[in-house]
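A.B. asks: In UniProt numbering, the protein residues as written are 1 to 369.
Glycine is no exception: its CB is placed at the ideal position from the N, C-alpha and C atoms.
As the structure is a computational prediction, the values presented were derived from the model and not from experiment.
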């Protein structure tokens with residue numbers, strides 16, 4: 001039994017009921033606090049490898065997939081059939097191997113391990129979403145560079161292992177029977193969005209190229225690149241962000257019918273908004289800070305040109321940090337020179353490290369020894 005207990009000032013890490021670590025967060029500097037959070041992630045990861053498979057949490061969430069709009073209701077779930085509180089007080093996600101019937105997780109091709117958490121858009125603090133994704137990166141990292149997790153090598157031909165399922169609970173359904181809800185399926189090695197499960201259809205909607213990872217998916221017919229979704233990074237400046245925008249985007253995906261050209265255009269823009277708010281907010285500190293600042297403003301916010309350009313340079317920033325870790329000289333690398341020329345706020349290794357959190361093992365870097 002492993003659990004985390006929190007008070008206003010302290011965190012108790014309890015392992016097997018007889019190993020207790022008391023951490024006083026109020027007396028720690030940021031680096032100490034980060035070290036303890038990472039140590040907790042390591043404990044959880046080590047225990048999850050040794051422990052018996054825990055299916056209960058994801059199975060309960062998964063079994064609810066058909067609750068909305070399909071009659072019946074899964075036990076121990078919310079009105080829309082989604083389980084809440086499956087995470088240790090926001091620190092860590094639940095590790096589980098998923099084989100539940102009638103579930104979004106079962107309809108992936110392989111019964112791989114998975115991390116899953118539900119976020120209620122109306123009440124969840126936005127910052128919890130990128131922090132949770134940060135923690136999944138900590139759990140599966142291949143290595144570290146200055147407290148930043150280096151993601152595993154990309155193996156795009158293989159099913160994700162583990163899957164990352166980010167469930168978003170939006171507005172109430174018109175008949176009051178539940179909520180609009182989707183589940184985003186995310187690769188662990190590059191944080192790419194492969195598809196989304198709608199709790200209305202009970203099926204996965206797969207982006208182009210990812211259809212083979214799901215059982216009987218609904219093909220979207222387009223991929224999740226920004227060039228496809230909105231015509232390139234410059235048009236990200238016109239994609240609305242914030243809580244209201246997120247609820248509207250979930251609604252668009254939940255009710256989507258990709259059969260019409262007009263609907264497909266709106267669907268792409270909605271997908272781009274969710275990508276920026278949640279996955280780019282996980283990758284980039286400036287993006288998460290911007291979205292957090294405007295999350296509860298009551299109106300949509302829009303990226304500046306500088307921030308819009310930043311989100312398509314995760315690979316280059318990752319390469320520049322990896323180059324520096326090997327050579328000790330950041331500025332001499334071709335990736336660094338390219339970034340300096342872009343004028344996006346990344347002109348030193350310190351700025352690179354303060355801009356992104358997970359480090360991608362890019363397929364190709366501009367220069368690497």
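Helix, strand or coil: which one does DSSP assign to residue 360?
C.D. replies: coil
A.B. asks: On the premise that residue 329 lies in contact with residue 366, defined as a C-beta separation below 8 Å, what is that separation, rounded to the nearest angstrom?
C.D. replies: 15 Å between Cβ atoms; not a contact.
A.B. asks: Determine whether the beta carbon atoms of residue 142 and residue 150 lie at a separation below 7 Å.
C.D. replies: Their beta carbons are under 7 Å apart, which means residue 142 touches residue 150 by this criterion.
A.B. asks: Please name the residue, chosen from 313, 216, 184, that lies closest to residue 344 on a Cα-to-Cα basis.
C.D. replies: 313
A.B. asks: What span of residues does the beta strand (DSSP E) with residue 169 cover, start to end?
C.D. replies: Residue range 163–172 is occupied by the beta strand (DSSP E) that includes residue 169.
A.B. asks: For residue 290, report the span of its alpha helix (DSSP H) as first-last.
C.D. replies: 285–294
A.B. asks: Can you name the residues that DSSP bridges to residue 143?
C.D. replies: Per DSSP, 150.
A.B. asks: Among the residues of its own chain, which have a CB less than 8 Å from the CB of residue 417, if the five just before and after it don't count?
C.D. replies: With the chain represented from 1 up to 369, any question about residue 417 goes unanswered, as that position is not in the structure.
A.B. asks: Which residues mark the beginning and the end of the alpha helix (DSSP H) in which residue 317 is found?
C.D. replies: 314–327
A.B. asks: Contact between the stretch 235–248 and the stretch 293–313 is defined here as three or more beta-carbon pairs at a separation below 8 Å; is this criterion met?
C.D. replies: yes
A.B. asks: Hey, could you find the ends of the beta strand (DSSP E) residue 194 is sitting in?
C.D. replies: From DSSP, the beta strand (DSSP E) with residue 194 extends over 193–198.
A.B. asks: Relative to the alpha-carbon of residue 340, which residue among 354, 356, 320, 287 has its alpha-carbon at the smallest distance?
C.D. replies: Comparing Cα-Cα distances from residue 340 to each of 354, 356, 320, 287, the minimum goes to 320.
A.B. asks: Just curious, the alpha helix (DSSP H) that residue 336 is in, first and last residue?
C.D. replies: For residue 336, the enclosing alpha helix (DSSP H) starts and ends at 334–342.
A.B. asks: With DSSP as the reference, please indicate the residues paired to residue 184 in a beta bridge.
C.D. replies: Listed as beta-bridge partners of residue 184 by DSSP are 166, 196.
A.B. asks: Measure the alpha-carbon distance for residue 114 versus residue 166 and round it to whole angstroms.
C.D. replies: 10 Å
A.B. asks: Applying the criterion that 16 or more other CB atoms from any shown protein chain within 10 Å of the CB defines a buried residue, is residue 153 buried or exposed?
C.D. replies: exposed
A.B. asks: Starting from residue 366, trace the beta strand (DSSP E) both ways and give me its first and last residue.
C.D. replies: Taken as a continuous stretch (DSSP letters only), residue 366 belongs to no beta strand (DSSP E), as it is neither H nor E.
A.B. asks: Evaluate residue 322 with the Cβ neighbour count: other Cβ atoms within 10 Å of its Cβ, from every protein chain shown; 16 or more gives buried, anything less gives exposed.
C.D. replies: buried
A.B. asks: So if DSSP puts residue 218 in a beta bridge, which residue, or which two residues, is it bridged to?
C.D. replies: Paired residue(s): 205.
A.B. asks: Taking the straight line between their C-alpha atoms, what separation do you get for residue 348 and residue 318?
C.D. replies: 13 Å
A.B. asks: I'd like the list of long-range same chain contacts for residue 205, defined as Cβ closer than 6 Å, with 5 residues on each side in sequence excluded.
C.D. replies: Excluding sequence neighbours, residue 205 sits near 195, 196, 218, 220.
A.B. asks: Between the Cα of residue 306 and those of 216, 360, 235, spot the shortest distance and give me the residue it belongs to.
C.D. replies: The shortest Cα separation from residue 306 among 216, 360, 235 belongs to 235.
A.B. asks: Drop a sphere of 10 angstroms on the beta-carbon of residue 364, count the other beta-carbons inside from all chains shown, and report buried for 16 or more, exposed for fewer.
C.D. replies: Residue 364 counts as exposed, since fewer than 16 other beta carbons sit within 10 angstroms of its beta carbon.
A.B. asks: For residue 271, which three-state DSSP category applies?
C.D. replies: When secondary structure is reduced to three states using DSSP, residue 271 falls in the helix class.
A.B. asks: Could you tell me the alpha carbon to alpha carbon distance between residue 139 and residue 308, rounded to whole angstroms?
C.D. replies: 29 Å
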